[in-house]
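Read through the structure below, which is laid out as structure tokens, and then see the notes.
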Amino acid sequence: MPRFFFNLTSHGNVTLDETGTEFPSLEAAYFDTCQAILDIAFEKLRARQDPATDSFEITDEQRSVLMLVPFCEVLLPALAKDKPVRLKTIQLLDNCRDQFARSAALQADMRAEFEQARKTFSDIRANLARIASHTSG
Numbered sequence: 001m002p003r004f005f006f007n008l009t010s011h012g013n014v015t016l017d018e019t020g021t022e023f024p025s026l027e028a029a030y031f032d033t034c035q036a037i038l039d040i041a042f043e044k045l046r047a048r049q050d051p052a053t054d055s056f057e058i059t060d061e062q063r064s065v066l067m068l069v070p071f072c073e074v075l076l077p078a079l080a081k082d083k084p085v086r087l088k089t090i091q092l093l094d095n096c097r098d099q100f101a102r103s104a105a106l107q108a109d110m111r112a113e114f115e116q117a118r119k120t121f122s123d124i125r126a127n128l129a130r131i132a133s134h135t136s137g
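Residue numbers 1 to 137, in the UniProt record's numbering, belong to the letters of the sequence shown in order.
Written out as structure tokens, the structure reads:
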């Protein structure tokens, strides 16, 4: 399972997650982050602190940011614009992977069609050679 890291930004201070946690998918990590946001927000509100401007960055093992999760997205979902906020680079990489897979599938289909055409032409040549030998003999 992939390991995800959850860096907390609170009032301009960043707390880096050095250990990370394994999840089966980015979506599972996102849902766990939402639960953590609720827990942290509750504690902050009890201490009379405003959690609304805090956020989590979900990163992969190479520390590439995969998703930004603002606390306000979870605490005030009606005001959230995008759920979840996926970075454009991740969306572009996903798009590239999809296009690459599609291209590979099309190449395989074209190879199969080309091989079928080659076999058909070989059969036609054999038939023409047989016809030519019958008409000349």
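No residue lacks a Cβ here, since even glycine has one placed at the ideal position from N, Cα and C.
### Query
Three-state secondary structure (DSSP) at Ser55?
Your numbering for residue 55 matches position 55 in the sequence shown. In the structure shown, Ser55 sits in a strand (DSSP, three-state: E or B).
### Message
Can you look up Thr15 in the DSSP assignment and give me helix, strand or coil?
### Response
Walking along the sequence shown from the start, residue 15 turns up at place 15. Here Thr15 sits in strand by DSSP.
### Query
Do three or more CB pairs link the stretch 26-44 to the stretch 94-103 at distances below 8 Å?
no
### Task
Identify every residue that forms a DSSP beta bridge with Asn7.
Your numbering for residue 7 matches position 7 in the sequence shown. Looking at the DSSP assignment, Asn7 forms a beta bridge with Glu57.
#### Entry: Helix, strand or coil at Met110 according to DSSP, with G and I counted as helix
By 1-based counting over the sequence shown, the position of residue 110 is 110. Correct three-state label for Met110: helix.
### Query
What distance in whole Å lies between the Cβ atoms of Asp60 and Pro2, which are believed to be in contact at a cut-off of 8 Å?
By one-based count along the sequence shown, residue 2 stands at place 2. By one-based count along the sequence shown, residue 60 stands at place 60. Yes, they are in contact, since the Cβ atoms of Pro2 and Asp60 sit about 7 Å apart, within 8 Å.
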